[in-house]
């Protein structure tokens, strides 16, 4: 089969880059407390040019205090009169990315919003000026406090858009001198946004990019008719083994070949969340053990490098039908200055299925491909060759290996292509496969773990390893305390957020090893809400993320009215034991929960309060702390063994 690469009749669409998402939600939670040098090594693999994934784009969640898949991310405005641009870890991550690649593009997108924005309704568009002000504040805060320039802003992840709000957002951006910030809509499907853009010329004037999610490499006629940039603004989301790498290799090419998409953005960047949460390890690499320092550079990192190390945003695709006759695809890009990069993939169906959408059957067979270089590429004499082969039967993959340069003979060359391979052929000599020393071996979460939260200037707003699943738990300084509890952890979300998933009605943060069976959890607690306030400690907690409402475990509750309960669910409906405890609000108490085999017991201030409660399911899970409702409460001297 013969393929001609020519620029004489002009070029195809402008290439906008390959990226990944941190957030949507809490996917980078465990990354922040890796020790050096491991934390910097992980960041190098992701962002450092000509090193590993060398990403062109970083997209982050604009935290909204709500559950957004694997946890909650804190908002910069918990309450209407509150602004803080140092919460969470996305600011830090954007700065680390920029440190390594000053040219990286930054995107912000909300999944959830603090409740005050909806004035009591679970909807962000009733007061569009309030929502626009909130989003603009985040962009201005990025610049003022972190010197970060946000390049693109989204509307509301995978939920409805409001034309009125989008127009107001553009107006407000311009009013604040943020003309350079581009708008992406609507981070859902191609429709109805494409159809609405064709009907509404004013909206057409303010939306710069149509971003679709999991498009299955296809677009729709209306999207093409808008003449807008088309992006796959969230894609992949697949377990990061060899099949995940095959999925990623296939869509990186075919999103353009089949769907004219000039950017593909992976959910998610790095699997830094407890693996038993939803979509465990659906990331480009894995770093979920800060306590050991272990991480794994998975195959998708090197598949990414095949494109990212040999292209840049601002390059252009060549106008060519990139389907290979024997199955598979190729794309060709140029910087317009004589450089040429060709990326070929021959992924087979069963070795490249993404998590969604379903993949129609196709076949790929070994084939010989001959390329003719014409126009300004006719003078190219040699091409650098980078090669990957995903080994399924053998179990050995070759990942991003540099082969001998290819001689171009009178403007043509041939390649024998096997299945499940990726080739990059390029005039650029800058490609590098870097490797850091092997990280430490994996280790389980420490079986004896303590945190007294006594840290005067914490580097992050949240205590390490606690993974908030509803509500937000932050370091707090208790200025009025006589001394024992000056530094605590406090639950700070006091109104149900505008949700994206089904947040629980209680707040909860989980920690530890999901495989734990027998455990003792101890924590000092301080109920702040009078009359109907309440807190819990828990063990064998079996769920989180988007499934947090159905969480089961062993929950030991105490309430401001002086009662206690033991329940087998977070909702507090399956009651195993209840009675009087004498606990009151605005005083410190120590709770201890002991679970051994099928029996649980509880202590209050070191004295038995209840014992011999039979517990059957679940048989294992995390430890957790939390509150009865969206209410202030404090925790101190947490200990799990």
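Residue numbers (the UniProt record's numbering): 1 to 641.
Positions of the beta carbon are idealized from the N, C-alpha and C atoms, including for glycine.
- Following the DSSP letters along the chain, one finds residue 402 inside the beta strand (DSSP E) bounded by residues 398-407.
- Distance from the CA atom of residue 141 to the CA atom of residue 83, rounded to whole angstroms, is 9 Å.
- Taking a C-beta distance under 8 Å as the contact criterion, residue 136 and residue 172 qualify as a contact pair.
- Between the beta-carbon of residue 4 and that of residue 92 there is about 48 Å, and that puts the pair past the 8 Å contact cut.
- Spanning the alpha carbons of residue 451 and residue 564 requires a straight line of approximately 25 Å.
- DSSP places residue 35 in the coil class of the three-state scheme, outside both helix and strand.
- At the C-beta level, residue 405 and residue 382 come within 8 Å of one another.
- Judged by DSSP in its simplified three-state form, residue 549 adopts helix.
- Shown here for residue 485: same chain residues with a beta carbon closer than 8 Å to its own, the five before and five after excluded, namely 478, 524, 526, 588, 634 and 636 in chain order.
- In the three-state reduction of the DSSP assignment, residue 356 falls in the coil class.
- One thing to note: residue 427 has its Cβ within 8 Å of the Cβ of residue 380.
- In this structure, the straight-line span from the alpha carbon of residue 604 to that of residue 508 is close to 20 Å.
- The alpha carbon of residue 545 has as its nearest neighbour, out of 287, 54 and 468, the alpha carbon of 468.
- Of the candidates 50, 65, 39 and 19, the residue whose Cα lies closest to the Cα of residue 500 is 65.
- Counting the other Cβ atoms within 10 Å of the Cβ of residue 496 gives 16 or more, which makes it buried.
- Taken atom to atom, the span from the alpha-carbon of residue 287 to that of residue 239 is near 14 Å.
- Taking a contact to require three or more Cβ pairs closer than 8 Å, the stretch 85-102 and the stretch 327-339 do not qualify as touching.
- DSSP places residue 416 inside the beta strand (DSSP E), whose first and last residues are 412-417.
- In this structure, 470 is the residue among 316, 470, 46 and 281 with its C-alpha nearest to the C-alpha of residue 74.
- Under the rule that a run must span 3 or more residues, the beta strand (DSSP E) segments found entirely inside the stretch 470-514 read 473-477, 487-491 and 507-511.
- Scanning the stretch 198-232 for uninterrupted alpha helix (DSSP H) segments of 4 residues or longer gives 201-206 and 221-225, listed from N- to C-terminal end.
- Taking the Cα positions, residue 249 is about 23 Å away from residue 60.
- The distance from the Cβ of residue 264 to that of residue 258 is about 12 Å, inconsistent with a contact at the 8 Å cut-off.
- Bridge partners of residue 595 according to DSSP: 519 and 600.
- When the alpha-carbon of residue 460 is set against those of 476, 19 and 357, the nearest one is in 476.
- The stretch 533-544 and the stretch 192-200 do not touch, with fewer than three beta-carbon pairs separated by less than 8 Å.
- Residue 521 places its beta carbon 8 Å or farther from that of residue 609.
- The three-state secondary structure of residue 608, taken from DSSP, is strand.
- Contact check for residue 100 and residue 148: beta-carbon distance about 14 Å, past the 8 Å limit, so the pair fails to qualify.
- Taking the C-beta atoms as reference points, residue 271 is found no nearer than 8 Å to residue 235.
- Two segments are said to touch when three or more pairs of C-beta atoms, one from each, lie closer than 8 Å; by this definition the stretch 108-128 touches the stretch 154-170.
- Annotation for residue 110: the continuous beta strand (DSSP E) segment containing it runs 105-110.
- For residue 6, the three-state secondary structure derived from DSSP is coil.
- Taking a C-beta distance under 8 Å as the contact criterion, residue 389 and residue 416 do not qualify as a contact pair.
- In the structure shown, residue 94 falls within a helical segment according to DSSP collapsed to helix, strand and coil.
- Check the Cα spacing between residue 517 and each of 121, 618 and 577: the tightest is with 618.
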